[in-house]
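Encoded as structure tokens, the structure appears first; notes follow it.
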Amino acid sequence: EPEVTQTPSHQVTQMGQEVILRCVPISNHLYFYWYRQILGQKVEFLVSFYNNEISEKSEIFDDQFSVERPDGSNFTLKIRSTKLEDSAMYFCASSDRDREKLFFGSGTQLSVL
Amino acid sequence: EDQVTQSPEALRLQEGESSSLNCSYTVSGLRGLFWYRQDPGKGPEFLFTLYSAGEEKEKERLKATLTKKESFLHITAPKPEDSATYLCAVSSGGSYIPTFGRGTSLIVHP
Chain A
1 EPEVTQTPSH QVTQMGQEVI LRCVPISNHL YFYWYRQILG QKVEFLVSFY
51 NNEISEKSEI FDDQFSVERP DGSNFTLKIR STKLEDSAMY FCASSDRDRE
101 KLFFGSGTQL SVL
Chain B
1001 EDQVTQSPEA LRLQEGESSS LNCSYTVSGL RGLFWYRQDP GKGPEFLFTL
1051 YSAGEEKEKE RLKATLTKKE SFLHITAPKP EDSATYLCAV SSGGSYIPTF
1101 GRGTSLIVHP
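Right under this line is the structure:
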């Protein structure tokens, strides 16, 4: 069964460093998303991406964040200068024309020290 | 702003002991209400979408129902493998983006 793949599964970085989280969405999907989940809290929407541009973003997704689809298969989330409060599990998701049925990856656990 | 409140936060059941999880929501124009299952260390897994009051969806031991203010996830004769966190989410207005609640952590003891 097709699945969303995220790498790495764990990332440890120093405060102020740049990180790139990588995702390979399901191949025929059209819509791509990043969510995050701080330990013990709810899953929060960051950004959605369609047709090579951001379609929606939340207040969390400020200038420190960016997304890119560098080729036909990868979808990345970049955090330019990480902060302690960026520590969270980051989930990538994708959907086909049924935009409300999201398929999530297993996440990247980001720890900022 | 969409609000989703799930109760209880945690629920322990014996195998075979049926129960219900609640999701109450406040939105401006519900587009859809969703139930997801999340296992530890994994991303949410889609279960159901409900669109209008009175609608019901079933999958194995799970049945989701929807009213104008809340949704219930009924679990009939649960098994230990049903242990997970169950997340409720809503989308509203012109947005297809789900807003999630905090979830209910379900543990089913054999």
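Residue numbers (our numbering), protein chains in the order written: chain A, 1 to 113; chain B, 1001 to 1110. For each residue, glycine too, the CB sits at the ideal point set by N, CA and C.
What number of angstroms, rounded off, separates the C-alpha of residue i from the C-alpha of residue j?
i, j, result
"B/L1030", "B/T1076", "27 Å"
"A/E53", "B/S1095", "16 Å"
"A/T82", "B/S1028", "35 Å"
"B/S943", "B/T1005", "For residue 943 of chain B there is no data in the structure shown, the boundaries of chain B being 1001 and 1110."
"A/L113", "A/M15", "6 Å"
"B/L1066", "B/Q1003", "16 Å"
"B/K1069", "A/D71", "43 Å"
"A/S111", "A/V12", "5 Å"
"A/R80", "A/E1", "34 Å"
"B/H1074", "A/D62", "39 Å"
Within 6 Å: the Cβ of residue i and any heavy atom of the ligand FAD?
i, result
"B/F1046", "For the ligand FAD, the structure offers nothing, since it holds no ligand at all."
Apart from the five residues on each side of it in sequence, which residues of its chain come closer than 6 Å, Cβ to Cβ, to residue i?
i, result
"A/I20", "T76, K78"
"A/Y50", "Y31"
"A/S66", "K78"
Kindly indicate which three-state DSSP category residue i falls into: helix, strand or coil?
i, result
"A/E18", "coil"
"A/L84", "helix"
"B/E1056", "strand"
"A/E44", "strand"
"B/E1081", "helix"
"A/Y31", "strand"
Spell out whether any CB of chain D is found under 7 Å from the CB atom of residue i.
i, result
"B/I1107", "Protein chains A and B are contained in the structure displayed, whereas chain D is not."
Inset, instruction - Residues of the segment 88–108 of chain A with a CB closer than 9 Å to any CB of chain B: list them in chain order, please. - result: Cβ contacts with chain B come from M89, F91, C92, A93, S95, D98, R99, E100, K101, L102, F103, F104, G105, S106, G107.
Inset, instruction - Within the segment 86–110 of chain A, note down every full beta strand (DSSP E) run reaching 3 residues or more, in order along the chain. - result: Within the segment 86–110 of chain A, the complete beta strand (DSSP E) runs of at least 3 residues are 88–95.
Inset, instruction - Note down, in chain order, all residues in the segment 40–62 of chain A with a beta-carbon under 8 Å from any beta-carbon belonging to chain B. - result: Listed in sequence order: Q41, K42, V43, E44, F45, S48, E56.
Inset, instruction - Anything in the segment 1068–1093 of chain B with a Cβ closer than 9 Å to a Cβ of chain A? List those residues in chain order, please. - result: The residues in question are L1087, A1089, S1091.
Legend entry - Members of the segment 1035–1048 of chain B that neighbour chain A once the beta carbon cut-off is set at 9 Å: Those would be Y1036, Q1038, G1041, K1042, G1043, P1044, E1045, F1046, in chain order.
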